[in-house]
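So the sequence shown is numbered by the UniProt record's numbering: it starts at 1 and just counts up by one.
Note that beta-carbon positions come from the ideal geometry of N, C-alpha and C, so glycine has one too.
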Amino acid sequence: MEASELYKSYETDFLLAQSEIEQKLESISTLERDARTSAVKAVERTIGEAYEILDQLSVEIQNIPSSARAPLSANLRQYRQSIQSAKKQLANVEQAGARNELFGDRSAAGDGDIALDQRQQLLSGQESLDRSSQRIRDSQRVANETESIGANILTDLRGQREQIQNSRNTLLEADGYVDKSIRTLRSMTRRMAMNKVLTYLIIAVLVILILLVLASKFW
């Protein structure tokens, strides 16, 4: 099944769940306590299923070409808003039912609005807290990724430092060999100079001896 077909299948499932939720919410306030409690639980289950379908739709949108995502993303936001509204409406129904059981119908006109506002504020606060928690998780994930990248960079730098140290040690050893070679050459040069001097002295002595021998023959 292609991605677009799968999206349409999920969308059809969601619309059925949405219709079921709306129908039950319209009739739930007229039910007796036990029936209303069962109906509330049924609506809660259906809302949970609707959220799961929305998550599937969100995943499926990522598999659709980017040029076709914009209208689908807009529909997804509207679907989420409708489920959020149904969730709040269900909470209001629960609150109204509990109020009627405790105080009767007399409280419906006055304190009910205040209680409903407080309930809505609590729900809004919870949603804000969820969004803040998600941002914190995202920030933590980015921090972990940054830490991992930093660790990899430090490892690379450590390896490069070791390579530089090894190269430096090799250069020092080579420099030592060059110094030894220079000293050896200097020593050989001095020896060659001394050998030349000795050679010249020997030649001079031989010349003198030859001259003395020749001179002694004429005397």
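Sorted by chain position, which residues of the same chain lie with C-beta nearer than 8 Å to residue i's C-beta, five sequence neighbours on each side aside?
i     : result
Glu22 : Ala86
Glu60 : Ala3, Leu6, Tyr7 and Tyr10
Leu54 : Phe14, Leu76, Tyr79, Arg80 and Ile83
Ser67 : none
Cβ of residue i within 8 Å of Cβ of residue j?
i     : j     : result
Arg24 : Ala42 : Correcting the residue identity first, residue 24 is Lys in this sequence and not Arg. Contact: yes.
Ile28 : Ala39 : yes
If you follow the alpha helix (DSSP H) that residue i is part of, which residue opens it and which one closes it?
i     : result
Ala68 : Neither: Ala68 is in no alpha helix (DSSP H) and is coded neither H nor E.
Thr46 : Arg33 to Gln62
Expressed to the nearest angstrom, what Euclidean distance is found between the alpha-carbon atoms of residue i and residue j?
i           : j      : result
Glu26       : Asn92  : 12 Å
Lys180      : Leu198 : 27 Å
Ser73       : Gln56  : 13 Å
Ser133      : Ser167 : 51 Å
Ala96       : Gln81  : 22 Å
Ser130      : Thr170 : According to the sequence displayed, residue 130 carries Asp and not Ser. Roughly 60 Å between the two C-alpha positions.
residue 222 : Ile153 : The structure shown does not extend to residue 222, since the chain is modelled only from 1 to 219, so the question has no answer here.
Arg33       : Thr12  : 32 Å
Met188      : Lys196 : 12 Å
Ile210      : Ala204 : 10 Å
Gln140      : Arg158 : 26 Å
Pro65       : Ile136 : 30 Å
Leu185      : Leu201 : 24 Å
Val178      : Ile164 : 21 Å
Glu52       : Arg69  : 20 Å
Leu206      : Trp219 : 20 Å
Skipping 5 residues on each side, what residues in its chain have a beta carbon closer than 7 Å to that of residue i?
i      : result
Leu123 : Lys88 and Ala91
Arg190 : none
Gln120 : Lys88
Leu172 : none
If we count the other Cβ atoms within 10 Å of its Cβ and call it buried at 16 or more, is residue i buried or exposed?
i      : result
Lys17  : Reading the sequence as shown, one finds Ala at residue 17 and not Lys. Looking at its Cβ environment, which holds 16 or more other Cβ atoms inside 10 Å, Ala17 is buried.
Asp105 : Any reading at Asp105 is ruled out, since the residue's pLDDT is 46, under 50, leaving its predicted position unreliable.
Take residue i and list the residues in its own chain whose beta-carbon comes closer than 6 Å to its own, dropping the five residues that flank it on each side.
i     : result
Arg45 : none
Are there any heavy atoms of the ligand HEM lying less than 7 Å away from the beta-carbon of residue i, as far as the coordinates show?
i     : result
Ser29 : The ligand HEM is absent from the structure shown, which contains no ligands of any kind.
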